[in-house]
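Residues 1 to 260 (the UniProt record's numbering) make up the sequence shown, in order. To start, the structure itself, in C-alpha coordinates.
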Amino acid sequence: MIEILTSSELDRARETGALVGHILHTLKGRSAVGTNLLDIDRWTADMIAEAGAESCYVDYAPSFGRGPFGHYVCTSVNDAVLHGLPRDYALADGDLVTLDLAVSKAGIAADSAISFVVGETQPAESLALIGATERALAAGIAAAGPGARIGDISFAIGSVLGEAGYPINTDFGGHGIGSTMHQDPHIANTGRPGRGYVLRPGLLLALEPWVMVDTAALVTDTDGWTLRSATGCRTAHSEHTIAITDDGAEILTLPGQVRP
(Lines of atoms letter the chains of each structure in order from A; the text may use other names.)
(Lines give C-alpha, C1' and ligand atoms only; values in the text may rest on other atoms or scores of the structure.)
Protein backbone atom coordinates (compact mmCIF):
# COMPACT_ATOMS: atom_id res chain seq x y z
CA MET A 1 0.00 0.00 0.00
CA ILE A 2 1.19 3.50 -0.88
CA GLU A 3 -0.64 6.38 0.81
CA ILE A 4 -0.83 9.98 -0.37
CA LEU A 5 -1.66 12.21 2.58
CA THR A 6 -4.03 15.17 2.53
CA SER A 7 -2.97 18.59 3.81
CA SER A 8 -4.64 17.96 7.17
CA GLU A 9 -2.94 14.58 7.44
CA LEU A 10 0.40 16.22 6.63
CA ASP A 11 -0.15 18.63 9.53
CA ARG A 12 -0.62 15.64 11.82
CA ALA A 13 2.48 14.02 10.33
CA ARG A 14 4.47 17.14 11.20
CA GLU A 15 3.29 16.88 14.80
CA THR A 16 4.25 13.21 15.03
CA GLY A 17 7.59 13.81 13.36
CA ALA A 18 8.43 16.65 15.73
CA LEU A 19 7.63 14.38 18.67
CA VAL A 20 9.92 11.62 17.38
CA GLY A 21 12.74 14.10 16.82
CA HIS A 22 12.24 15.55 20.31
CA ILE A 23 12.28 12.16 22.02
CA LEU A 24 15.43 11.01 20.22
CA HIS A 25 17.20 14.29 21.00
CA THR A 26 16.23 13.95 24.66
CA LEU A 27 17.36 10.32 24.82
CA LYS A 28 20.73 11.19 23.30
CA GLY A 29 21.20 13.92 25.88
CA ARG A 30 20.44 11.51 28.74
CA SER A 31 22.62 8.68 27.42
CA ALA A 32 26.03 8.52 29.09
CA VAL A 33 28.55 6.05 30.41
CA GLY A 34 26.65 3.83 32.85
CA THR A 35 23.20 4.41 31.32
CA ASN A 36 21.26 1.16 31.08
CA LEU A 37 19.48 0.33 27.82
CA LEU A 38 16.38 -0.62 29.82
CA ASP A 39 16.33 2.88 31.32
CA ILE A 40 16.41 4.36 27.80
CA ASP A 41 13.44 2.16 26.92
CA ARG A 42 11.57 3.27 30.07
CA TRP A 43 12.24 6.95 29.38
CA THR A 44 10.91 6.45 25.84
CA ALA A 45 7.72 4.82 27.09
CA ASP A 46 7.14 7.68 29.53
CA MET A 47 7.61 10.40 26.88
CA ILE A 48 5.32 8.63 24.40
CA ALA A 49 2.60 8.31 27.04
CA GLU A 50 2.99 11.94 28.17
CA ALA A 51 2.49 13.09 24.57
CA GLY A 52 -0.69 11.05 24.15
CA ALA A 53 0.95 9.03 21.39
CA GLU A 54 1.39 5.31 20.75
CA SER A 55 4.44 3.13 20.21
CA CYS A 56 4.79 1.45 16.82
CA TYR A 57 7.10 -1.18 18.35
CA VAL A 58 5.48 -2.73 21.42
CA ASP A 59 3.10 -4.96 19.47
CA TYR A 60 5.23 -5.13 16.31
CA ALA A 61 5.49 -8.75 15.17
CA PRO A 62 6.82 -9.05 11.58
CA SER A 63 7.84 -12.31 9.98
CA PHE A 64 11.57 -11.66 10.48
CA GLY A 65 11.44 -11.08 14.25
CA ARG A 66 10.60 -13.17 17.29
CA GLY A 67 7.68 -10.97 18.15
CA PRO A 68 6.04 -9.07 19.52
CA PHE A 69 8.96 -6.68 20.04
CA GLY A 70 7.66 -5.71 23.47
CA HIS A 71 9.73 -2.51 23.88
CA TYR A 72 9.47 1.17 22.88
CA VAL A 73 12.78 1.96 21.16
CA CYS A 74 15.44 -0.02 19.30
CA THR A 75 18.78 0.19 21.12
CA SER A 76 21.68 -1.10 19.00
CA VAL A 77 25.23 -0.96 20.38
CA ASN A 78 28.56 -1.31 18.52
CA ASP A 79 28.20 -4.35 16.19
CA ALA A 80 24.38 -4.24 16.42
CA VAL A 81 22.80 -2.09 13.71
CA LEU A 82 19.06 -2.80 13.38
CA HIS A 83 16.16 -3.84 15.64
CA GLY A 84 18.30 -3.79 18.78
CA LEU A 85 16.18 -5.23 21.57
CA PRO A 86 16.68 -3.28 24.82
CA ARG A 87 18.47 -5.39 27.42
CA ASP A 88 20.19 -5.11 30.78
CA TYR A 89 23.39 -3.47 29.55
CA ALA A 90 25.14 -0.36 30.91
CA LEU A 91 26.80 1.79 28.25
CA ALA A 92 30.60 1.94 28.37
CA ASP A 93 32.99 4.67 27.35
CA GLY A 94 33.34 4.70 23.55
CA ASP A 95 30.24 2.65 22.80
CA LEU A 96 28.57 3.46 19.48
CA VAL A 97 24.83 3.63 20.10
CA THR A 98 21.98 3.69 17.60
CA LEU A 99 18.48 4.61 18.76
CA ASP A 100 15.64 3.93 16.31
CA LEU A 101 12.15 5.18 17.17
CA ALA A 102 8.74 5.00 15.50
CA VAL A 103 5.66 6.60 17.05
CA SER A 104 2.08 7.14 15.94
CA LYS A 105 -0.03 10.11 16.99
CA ALA A 106 -3.45 11.11 15.74
CA GLY A 107 -3.32 8.22 13.28
CA ILE A 108 -0.04 9.13 11.55
CA ALA A 109 3.36 7.50 12.18
CA ALA A 110 6.90 8.87 11.96
CA ASP A 111 10.23 7.03 12.14
CA SER A 112 13.78 8.21 12.79
CA ALA A 113 17.16 6.92 13.96
CA ILE A 114 20.38 8.47 15.27
CA SER A 115 23.84 7.08 15.98
CA PHE A 116 26.32 8.60 18.45
CA VAL A 117 29.27 7.68 20.66
CA VAL A 118 29.03 7.97 24.46
CA GLY A 119 31.81 9.02 26.80
CA GLU A 120 35.19 10.68 26.38
CA THR A 121 36.58 8.12 23.93
CA GLN A 122 35.45 8.98 20.40
CA PRO A 123 36.96 6.39 17.99
CA ALA A 124 37.71 7.85 14.57
CA GLU A 125 36.32 4.77 12.83
CA SER A 126 32.99 5.16 14.62
CA LEU A 127 32.75 8.87 13.84
CA ALA A 128 33.51 8.15 10.18
CA LEU A 129 30.73 5.57 10.05
CA ILE A 130 28.22 7.95 11.57
CA GLY A 131 29.30 10.77 9.29
CA ALA A 132 28.89 8.61 6.19
CA THR A 133 25.32 7.66 7.09
CA GLU A 134 24.43 11.27 7.85
CA ARG A 135 25.86 12.47 4.53
CA ALA A 136 24.07 9.67 2.68
CA LEU A 137 20.80 10.61 4.38
CA ALA A 138 21.25 14.24 3.35
CA ALA A 139 21.97 13.16 -0.23
CA GLY A 140 18.88 10.97 -0.31
CA ILE A 141 16.71 13.81 0.94
CA ALA A 142 18.21 16.20 -1.63
CA ALA A 143 17.32 13.73 -4.39
CA ALA A 144 13.68 13.48 -3.28
CA GLY A 145 10.99 15.69 -4.74
CA PRO A 146 7.91 15.60 -6.97
CA GLY A 147 8.66 13.77 -10.21
CA ALA A 148 11.79 12.08 -8.91
CA ARG A 149 11.88 8.30 -8.64
CA ILE A 150 12.73 5.93 -5.81
CA GLY A 151 15.83 4.85 -7.73
CA ASP A 152 17.11 8.43 -7.64
CA ILE A 153 17.05 8.36 -3.83
CA SER A 154 18.69 4.94 -3.69
CA PHE A 155 21.41 6.01 -6.11
CA ALA A 156 22.16 9.16 -4.11
CA ILE A 157 22.42 7.23 -0.84
CA GLY A 158 24.46 4.42 -2.34
CA SER A 159 26.88 6.79 -4.06
CA VAL A 160 27.83 8.38 -0.73
CA LEU A 161 28.16 5.07 1.11
CA GLY A 162 30.10 3.48 -1.72
CA GLU A 163 32.49 6.41 -2.05
CA ALA A 164 33.16 6.12 1.68
CA GLY A 165 34.23 2.52 1.08
CA TYR A 166 31.49 0.68 2.94
CA PRO A 167 29.72 -2.48 1.73
CA ILE A 168 25.98 -1.95 1.24
CA ASN A 169 23.27 -4.38 2.36
CA THR A 170 19.97 -4.18 0.47
CA ASP A 171 17.90 -6.54 2.64
CA PHE A 172 16.71 -3.67 4.84
CA GLY A 173 16.29 -0.05 3.84
CA GLY A 174 13.88 2.84 3.77
CA HIS A 175 10.14 2.60 3.28
CA GLY A 176 6.89 4.40 2.86
CA ILE A 177 5.09 5.47 6.03
CA GLY A 178 1.74 6.99 6.93
CA SER A 179 -1.16 5.52 8.87
CA THR A 180 1.11 2.53 9.51
CA MET A 181 4.85 2.36 10.18
CA HIS A 182 5.93 0.23 7.21
CA GLN A 183 4.43 0.69 3.76
CA ASP A 184 5.49 0.51 0.14
CA PRO A 185 7.63 1.60 -1.58
CA HIS A 186 10.83 -0.07 -0.38
CA ILE A 187 13.86 2.21 -0.68
CA ALA A 188 17.09 0.29 -1.02
CA ASN A 189 20.31 1.99 0.07
CA THR A 190 21.78 1.64 -3.40
CA GLY A 191 20.18 1.49 -6.83
CA ARG A 192 19.91 2.86 -10.34
CA PRO A 193 18.57 6.36 -11.01
CA GLY A 194 15.48 6.93 -13.12
CA ARG A 195 13.76 3.74 -11.96
CA GLY A 196 10.92 2.91 -9.62
CA TYR A 197 7.88 4.69 -8.24
CA VAL A 198 7.44 8.36 -9.17
CA LEU A 199 7.26 10.58 -6.08
CA ARG A 200 4.14 12.69 -5.55
CA PRO A 201 3.30 15.50 -3.12
CA GLY A 202 1.73 14.06 0.04
CA LEU A 203 3.93 10.94 0.06
CA LEU A 204 5.77 10.19 3.31
CA LEU A 205 9.05 8.28 3.19
CA ALA A 206 11.42 7.05 5.90
CA LEU A 207 14.96 7.12 4.49
CA GLU A 208 17.51 5.14 6.49
CA PRO A 209 21.07 4.59 5.29
CA TRP A 210 23.02 2.19 7.51
CA VAL A 211 26.41 0.57 7.11
CA MET A 212 28.92 -1.78 8.68
CA VAL A 213 32.69 -1.28 8.51
CA ASP A 214 33.77 -4.35 6.57
CA THR A 215 30.78 -6.52 5.65
CA ALA A 216 27.29 -6.43 4.16
CA ALA A 217 26.26 -9.62 5.96
CA LEU A 218 24.01 -9.68 9.01
CA VAL A 219 23.49 -12.23 11.75
CA THR A 220 20.52 -12.41 14.13
CA ASP A 221 21.22 -12.33 17.85
CA THR A 222 19.93 -14.98 20.22
CA ASP A 223 17.10 -12.61 21.25
CA GLY A 224 15.54 -13.21 17.83
CA TRP A 225 15.49 -9.49 16.98
CA THR A 226 18.84 -7.74 17.12
CA LEU A 227 20.72 -7.72 13.81
CA ARG A 228 24.52 -7.57 14.08
CA SER A 229 27.40 -7.38 11.65
CA ALA A 230 28.57 -10.87 10.69
CA THR A 231 32.19 -9.97 11.44
CA GLY A 232 31.61 -8.15 14.73
CA CYS A 233 32.59 -4.81 13.22
CA ARG A 234 30.95 -1.56 14.24
CA THR A 235 27.86 -0.14 12.54
CA ALA A 236 25.88 3.09 12.21
CA HIS A 237 22.38 4.11 11.11
CA SER A 238 20.75 7.48 10.36
CA GLU A 239 17.08 8.00 9.48
CA HIS A 240 14.52 10.75 8.90
CA THR A 241 10.89 10.75 7.86
CA ILE A 242 10.30 13.20 5.02
CA ALA A 243 7.21 14.50 3.23
CA ILE A 244 7.26 15.08 -0.51
CA THR A 245 5.94 18.59 -1.14
CA ASP A 246 5.17 20.61 -4.26
CA ASP A 247 8.71 21.93 -4.38
CA GLY A 248 10.91 19.32 -2.73
CA ALA A 249 11.11 17.33 0.49
CA GLU A 250 10.38 18.44 4.06
CA ILE A 251 12.17 16.74 6.97
CA LEU A 252 9.58 15.97 9.64
CA THR A 253 11.72 14.38 12.36
CA LEU A 254 14.15 17.15 13.23
CA PRO A 255 14.53 17.90 16.97
CA GLY A 256 13.34 21.17 18.47
CA GLN A 257 10.06 21.41 16.58
CA VAL A 258 7.60 20.15 19.21
CA ARG A 259 4.72 22.59 19.50
CA PRO A 260 3.91 23.91 22.98
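All C-beta atoms, glycine included, are put in the ideal place defined by N, C-alpha and C. The structure presented is a predicted model; accordingly, all values stated were derived computationally and were not measured.
- Contact between the segment 229-237 and the segment 192-201 is absent: fewer than 3 CB-CB pairs across the two stretches fall below 8 angstroms.
- Here E239 is buried. Its C-beta has 16 or more other C-beta atoms within 10 Å.
- The segment 242-251 and the segment 86-100 do not touch, with fewer than 3 CB-CB distances between them shorter than 8 angstroms.
- Minimum Cα-Cα distance from P62 among the listed residues L252, T235, W225, L254 corresponds to W225.
- Within the same chain, I4, P146, I244 come within 8 angstroms of R200 by CB-CB distance, once the 5 residues on both sides are set aside.
- The criterion of a C-beta distance shorter than 7 angstroms is not satisfied by G165 and N189.
- C-alpha of T170 to C-alpha of A216: approximately 8 angstroms in a straight line.
- Per DSSP, the unbroken alpha helix (DSSP H) holding W43 starts and ends at 37-50.
- By the beta-carbon neighbour count (other beta carbons within 10 angstroms, threshold 16), R30 is exposed.
- One Cα belongs to E163, the other to T98, and the distance between them is close to 22 angstroms.
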